Amino acid sequence: MAPGVTYASLPANGSFDTTADTEKPQFVATATPVDAIESIKLGLQIQRHEQNGTTAKSLDVTNSAWTHSRESSNNFISDFYTKPTLPMLEAIVRTTLGDGDNDEDAATNALQEYVADLMGHESALLVPTGTMGNQVSLRTALGNPPHSILVDYRGHIIHFEGGGPSAICGTLIRTVVPANGHHLTLSDVQKFSTVRNTMYDCPTRVIALENPMEGRILPLADIQAISTWARAQNPPIHMHLDGARLWEAVAAGACTLREIGACFDSIQMCFTKGLGAPLGSIVVGSSVFIQRAKWSRKMLGGGTRSSGVIAGPARLAIDDVLFGGKMKRAQEKARRASELWVELGGKLLERTETNMVWVDLEGSGIDAKWFYPMAKNDFGLNIGGVIPQRIVFHYQISDEAFARLCDFFRKALGTEAQDTNSY
Ligand SMILES: *Cc1c(COP(=O)(O)O)cnc(C)c1O
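Quick note on the working numbering: the sequence shown kicks off at 956 and runs consecutively.
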């Protein structure tokens, strides 16, 4: 995969029928790519060297948690319910086991170089979680007070990271409500940044954007405008991207990794969520930034020893799920589901731009107390959870679960009598 190649230029492989009538959200039953994962078998030959000779033992993993994605196939609560797969276990078996904390692991170094190159940056650093990726980036970018960061009021770093920026960096956080209701633009940023630096001020040192944010794509042109302005300030304002799900924006064709990479001084991206790896995130930036980020990572306890165990499956996840077209096909399911919902008379809270469908239950005349138990008990669908009204699609959602979701929508919007089994 050449760096900077957009997803759109890649061939779609697998069996989801993308040639079907795209105007209508009708489901076309074909074999699901996820079933293929379930059928792969891995025979692990373990050679035990014992005092009185060598004994060979075969470890059967066919009935382990690695061999199927059944639990995730009907889970629309979040893409963090994706299950690591047998090929990922195989990647762990085949990985290197050098010391990641001291840059001595070949698989980790190769992954860091690979992702840095994909993003057009000099360097990258593996971290255990996305939260740590953001906190390492902020701690690295910020010096001494007074300092503030500017963030969309809905940002993950505000709501889901335990108050890290205040606790770890002692920074003032300026939350901004976008004037257009959808995403931050240059005029929002200009209005709420502090560029003056008198004794009264707490200057904006970091602009932390998130893309996509809860399924919404931040348009590349707006990002570029903000970045150009931020870098023209004296001193330049550090541009950080929480790109936990950046892969989704790329799969949706909104930007290339390099176009986005060029706009930011640090970017964190998750290997879990939609990519489905067991753990890990990565931070990219300049060599100088990453050198200092190693200190932040160490201070926060995020340096790992045999980090090849993280890097092996993470590399596979990028190549297989993003570049292999699986994320794109999951987004097609999201698009079809939202089209069906609207066609049946349902209302949406948000446009469907990536892998999330936001259903407006109240606006659609549906009682939430009926909706979620019905999905679970009558249709075998896990929907709702901590963020209700959000239906999340990931590559392990099976075609069968998708078909049941369509049936459930027909039931919920009261058309199932005329419209049974029409998918
Ligand atoms: C999940 C997520 C994170 C944090 O990732 P963890 O691995 O759960 O710590 C950060 N930002 C966004 C936007 C996320 O969705």
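We put the beta carbon where it would ideally sit given N, CA and C, even for glycine.
Since we're looking at a predicted model, the values are computed, not measured.
Indicate, with yes or no, if ligand 1 has a heavy atom lying under 6 Å from the CB of ALA1199.
Counting from one through the sequence shown, the residue named residue 1199 turns up at place 244. Within the cutoff, so yes.
By DSSP's criteria, ALA1163 is part of a beta bridge. Which residues make up the other side?
Locating residue 1163 in the sequence shown gives position 208, counting from the first residue. Answer is VAL1106 and HIS1195, bridged to ALA1163.
Does the segment 1298-1311 come within contact of the segment 1263-1270, defined as at least 3 CB pairs closer than 8 Å?
no
Own chain residues within Cβ distance below 7 Å of ALA1071, not counting five before or after
Reading the sequence shown from its first residue, position 116 is the one you call residue 1071. Within the same chain, ALA1071 has close Cβ partners GLU1077, SER1078, ALA1079 and VAL1239.
Whole-angstrom distance between VAL1347 and ILE1032, CA atom to CA atom:
By one-based count along the sequence shown, residue 1032 stands at place 77. By one-based count along the sequence shown, residue 1347 stands at place 392. Approximately 6 Å, taken between the alpha carbons.
Three or more C-beta pairs closer than 8 Å, one from the segment 1050-1058 and one from the segment 1353-1366: is that the case here?
no
If I follow the unbroken beta strand (DSSP E) through LEU1080, where does it start and stop?
The residue you call residue 1080 lines up with position 125 of the sequence shown. First-last of the beta strand (DSSP E) with LEU1080: 1078-1082.
Pairwise C-alpha distance: GLN1351 and GLN1090
As a working mapping, residue 1090 is identified with position 135 in the sequence shown. As a working mapping, residue 1351 is identified with position 396 in the sequence shown. Each residue's Cα considered, the two are about 29 Å apart.
Unbroken alpha helix (DSSP H) run spanning TRP1184, endpoints
Looking up residue 1184 in the sequence shown gives position 229. It spans 1175-1186 - the alpha helix (DSSP H) in which TRP1184 sits, taken as one unbroken run.
Between which two residues does the beta strand (DSSP E) carrying GLY1240 extend?
As a working note, residue 1240 is residue 285 in the sequence shown. Residues 1236-1240.
Cβ of GLU1203 versus every heavy atom of ligand 1: is any distance shorter than 6 Å?
Within the sequence shown, numbered from 1, the residue matching residue 1203 stands at position 248. Checking the Cβ of GLU1203 against ligand 1 gives no.
Can the beta-carbon of ILE1237 be found closer than 7 Å to that of LEU1196?
Counting from 1 along the sequence shown, the entry for residue 1237 is found at position 282. Counting from 1 along the sequence shown, the entry for residue 1196 is found at position 241. Not closer than 7 Å, so no.
Can you tell me the Cβ-Cβ gap for ALA1272 and ALA1207, rounded? I've got them flagged as a contact below 8 Å.
Indexing the sequence shown from 1 puts residue 1272 at position 317. Indexing the sequence shown from 1 puts residue 1207 at position 252. Incorrect: roughly 18 Å between the Cβ atoms, too far for contact.
Tell me where the beta strand (DSSP E) around TRP1296 begins and ends.
Position 341 of the sequence shown holds residue 1296. It is not in any beta strand (DSSP E) - TRP1296 instead sits in the alpha helix (DSSP H) that spans 1281-1298.
Name the DSSP beta bridge partners of MET1168, please?
In the sequence shown, the residue the question calls residue 1168 occupies position 213. DSSP output for MET1168 lists ARG1171 as bridge partner(s).
So, LEU1303 versus ASP1315, is the Cβ gap smaller than 7 Å?
The residue labelled residue 1303 in the question sits at position 348 within the sequence shown. The residue labelled residue 1315 in the question sits at position 360 within the sequence shown. Yes, they are a contact pair.
Three-state secondary structure (DSSP) of ASN1089
Looking up residue 1089 in the sequence shown gives position 134. Helix, per DSSP.
Need the endpoints of the beta strand (DSSP E) that GLN1223 sits in, please.
Indexing the sequence shown from 1 puts residue 1223 at position 268. Per DSSP, GLN1223 belongs to the beta strand (DSSP E) from 1221-1225.
On a CA-only basis, which of ALA1020, SER1028 and THR1159 is nearest ALA1285? Give me that one, please.
One-based indexing of the sequence shown puts residue 1285 at position 330. Here the closest residue by C-alpha is SER1028.
Grouping DSSP H, G and I as helix and E and B as strand, with all else coil, what is LYS1302?
Reading the sequence shown from its first residue, position 347 is the one you call residue 1302. Here LYS1302 sits in strand by DSSP.
Quick check: the segment 1137-1147 against the segment 1170-1190, are there 3 or more CB pairs under 8 Å?
yes
DSSP state of ASP1072, grouped into three classes?
By one-based count along the sequence shown, residue 1072 stands at place 117. Three-state DSSP puts ASP1072 in a helix.
Hey, would you say the C-beta of CYS1157 is under 6 Å away from at least one heavy atom of ligand 1?
Reading the sequence shown from its first residue, position 202 is the one you call residue 1157. Checking the Cβ of CYS1157 against ligand 1 gives no.
Taking the alpha helix (DSSP H) that ASP1315 belongs to, which residues open and close that run?
The count along the sequence shown starts at 1 and reaches residue 1315 at position 360. Where ASP1315 is concerned, there is no enclosing alpha helix (DSSP H), although the beta strand (DSSP E) it sits in stretches over 1311-1315.
Is the segment 1160-1167 in contact with the segment 1102-1113, if contact means three or more CB pairs nearer than 8 Å?
yes
Give me the residue from ALA1248, GLY1340, THR1309 and ASP1177 with the minimum Cα distance to PRO1328.
Mapped onto the sequence shown, residue 1328 falls at position 373. When only C-alpha atoms are compared, the closest one is GLY1340.
Does the Cβ-Cβ distance between THR1037 and GLY1170 come in under 7 Å?
The residue given as residue 1037 occupies position 82 in the sequence shown. The residue given as residue 1170 occupies position 215 in the sequence shown. Going by C-beta atoms, THR1037 is not nearer than 7 Å to GLY1170.
According to the Cβ coordinates, are THR1063 and LEU1081 closer than 7 Å?
Along the sequence shown, read from residue 1 onward, the residue named residue 1063 stands at position 108. Along the sequence shown, read from residue 1 onward, the residue named residue 1081 stands at position 126. Going by C-beta atoms, THR1063 is nearer than 7 Å to LEU1081.
If you draw a straight line from the C-alpha of LYS1331 to the C-alpha of LEU1201, how long is it?
Along the sequence shown, read from residue 1 onward, the residue named residue 1331 stands at position 376. Along the sequence shown, read from residue 1 onward, the residue named residue 1201 stands at position 246. Roughly 30 Å separates the two Cα atoms.
With hydrogens ignored, establish whether the beta-carbon of GLU1165 is closer than 6 Å to any heavy atom of ligand 1.
Indexing the sequence shown from 1 puts residue 1165 at position 210. Checking every heavy atom of ligand 1 against the Cβ of GLU1165, one is found closer than 6 Å.
Taking all protein chains shown into account, do 16 or more other C-beta atoms lie within 10 angstroms of the C-beta of PRO1039, making it buried, or fewer, making it exposed?
The count along the sequence shown starts at 1 and reaches residue 1039 at position 84. Counting Cβ neighbours within 10 Å, PRO1039 comes out buried, since at least 16 surround it.
First and last residue of the beta strand (DSSP E) that includes VAL1131?
Stepping through the sequence shown from its first residue, residue 1131 is reached at position 176. Looking at the DSSP string, the run of the beta strand (DSSP E) that includes VAL1131 is 1127-1131.
The beta strand (DSSP E) with ARG1345 in it runs from where to where?
Numbered from its first residue, the sequence shown carries residue 1345 at position 390. From DSSP, the beta strand (DSSP E) with ARG1345 extends over 1345-1347.
What is the DSSP secondary structure of LYS1228, counted as helix, strand or coil?
Looking up residue 1228 in the sequence shown gives position 273. Helix, per DSSP.
Between SER1241 and the rest of its own chain, which residues show a CB-CB distance below 6 Å, the 5 nearest in sequence each way excluded?
Along the sequence shown, one-based indexing puts residue 1241 at 286. Closer than 6 Å at Cβ, skipping near neighbours: GLU1077.
Regarding HIS1111 and ligand 1, is the C-beta to nearest heavy atom distance less than 6 Å?
For the purposes of this step, residue 1111 is taken as the residue at position 156 of the sequence shown. Yes, the beta carbon of HIS1111 sits closer than 6 Å to at least one heavy atom of ligand 1.
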